[in-house]
Structures are given as C-alpha cells and as structure tokens.
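Residue numbers (our numbering): 160 to 315.
Every residue, glycine too, gets a C-beta built ideally from N, C-alpha and C.
Below, the structure written as structure tokens:
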C-alpha cells in the first residue's frame, strides 16, 4: 500500500494542490461546503424520520432534503480524495481517517439499502425501519464529521 500511496502523492494533481496555497484552500473549502450540505440535510431528514415535524409530509421532506444530501455526498467524495492525495502516506496511518471512512461506508450503504427496499420516497417504509435508519444514519454522519475534524489533530 505504501507504493500506492506514494504514487498517489506523486500525481500531477496532488503535486499541484501541494504547491498551490489557493488551490488547496479552494479544495478544502469545497469539502467543508460539501460536508455542510450533507450533514445539514441529513440531520433534519433523520429528525423527521424520528417523528419531529409530523405536520410536514415525510415525502415532501425527502423530496427536498435527499437531493441536497446527495449533492453534498458527491462533492465530498470528489474533494476528499484530492485532500487525501496531498499527504496520502501520512493520512493512511491515522486511525480517525479509517474510522471516518467506515462511518461513511455504513451511512451510504444503509441509505442505499433503505432506498432499494422502499424506493426513493420511502412511501411504504415502516416507522420502525425509519427510526432505526435515522439513528444509524445520524451516528454515522456525525461520527464521520467528528473523525474528519480529529484527523487534523492526530498527525503529530
């Protein structure tokens, strides 16, 4: 794996980001924006699944917030590896990064399983399934957020 991470650090894109204060800053800002979109839409969506705002139809909340969460996830999945590539060998040894990736994988896979089973709008999903998913999803995404911040403090 060391050779793979070394090769990743040697790519033209990683070198350009490492050498460009503004390029790295823009990528980092885009990643933070992506996480804000993702967490900022997932938390209220999960709160609705848990029974908050019962006066607002669940389908309406899903229609508005799920696409925003998806856009945030896609942008995070594009910018995160770019940030990783700058110091891949160093970051690969940080336990918080490995835990963050686990939280992300479980969060994404649980959402895909829920949508695969009940459809995008989750019309036929039982309250019990939605509550279970909301709890798991909230733990995963907030866990990924905290682990992502901890990466900055774990290196030295």
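Three-way DSSP call (helix, strand, coil) for residue i in this model
i           : result
residue 212 : coil
residue 262 : helix
residue 294 : helix
residue 170 : coil
residue 253 : coil
residue 228 : helix
Residues near residue i in its chain [Cβ-Cβ closer than 6 Å; skip 5 each side]
i           : result
residue 262 : 299, 302 and 303
residue 317 : Because the chain is modelled from 160 through 315, residue 317 falls outside the range shown and cannot be assessed.
residue 251 : 164
Contact belief for residue i with residue j at Cβ below 8 Å, rounded distance in angstroms
i           : j           : result
residue 172 : residue 241 : 7 Å
residue 290 : residue 208 : 6 Å
Contact set for residue i: own chain, Cβ-Cβ below 7 Å, skip 5 residues either direction
i           : result
residue 205 : 293, 296 and 297
residue 201 : 228, 296 and 300
residue 193 : 231, 234, 235 and 238
residue 167 : 173, 244 and 247
Close beta carbons around residue i, own chain, < 8 Å, minus the five adjacent residues each side
i           : result
residue 254 : 313
residue 316 : The requested residue 316 is not part of the displayed model; the chain covers only 160 to 315.
- Task: Could you tell me whether the segment 231 to 249 touches the segment 186 to 193, where touching means 3 or more Cβ pairs closer than 8 Å?
- Result: yes
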